[in-house]
Amino acid sequence: MVPILCSYAHKPIPSKYLSEWTRGRMYGLHERGMPLREISNYLNIPLTTVHDIVVAGDQELKERKGRGRYPKTSKAQNDAIVEEALKNCNTTYKDIAKKIATGVSEKTIKCRLAEKNLKKWMA
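The sequence shown runs 338 to 460 under our numbering.
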């Protein structure tokens with residue numbers, strides 16, 4: 338079958354120039370069970386581009402972006418940690434961890450306060 342979108346038969350289209358329609362076709366073909374390599378050959382788009390777009394599309398619905406671990410504390414817990422630290426300057430990281438976020442290390446508490454640009458004034 339002749340490739341649908343290409344300026345030359347031997348030159349694939351760069352991923353930055355892919356239209357939403359082409360991306361939609363990739364998702365549609367993938368949902369129907371077509372392997373990524375066949376999608377790549379069918380649309381004359383590099384396999385890595387097809388993989389990146391399909392995998393990135395699957396990740397869009399998830400909260401996690403980028404690399405690294407999932408956060409141990411929620412946004413509400415982070416706010417409570419900051420409030421507790423501002424309320425009582427003599428509280429230790431360990432006390433805050435016990436009070437607000439059980440099972441979270443002192444280092445995590447320290448990082449959450451550092452993210453909010455709070456200096457270490459606690460013992």
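Positions of the beta carbon are idealized from the N, C-alpha and C atoms, including for glycine. Model, not experiment: these values are computed from the prediction.
Of the listed residues the options, nearest to residue i (C-alpha basis)
i, options, result
"N415", "K436, N427, G405", "K436"
"T359", "T428, L380, V419", "L380"
"H367", "V391, S356, Y354", "V391"
"L450", "N427, C426, T428, V419", "V419"
Cutoff 8 angstroms; reference residue i; Cβ partners in own chain excluding five residues on either side
i, result
"L384", "L373, R374, S377"
"T445", "K409, T410, A434, A438"
"M371", "Y379"
"A393", "none"
Residues near residue i by beta carbon distance below 6 angstroms, same chain, minus five either side
i, result
"A438", "T410, Q414"
Whole-angstrom distance between residue j and residue i, CA atom to CA atom
i, j, result
"E452", "T386", "35 angstroms"
"V441", "D432", "11 angstroms"
"G365", "E421", "50 angstroms"
"E357", "I382", "14 angstroms"
"Y354", "N427", "57 angstroms"
"R369", "G405", "32 angstroms"
"K424", "A417", "10 angstroms"
Same chain only: Cβ atoms within 7 angstroms of residue i, ignoring 5 sequence neighbours per side
i, result
"Y430", "E443, I446, K447, M459"
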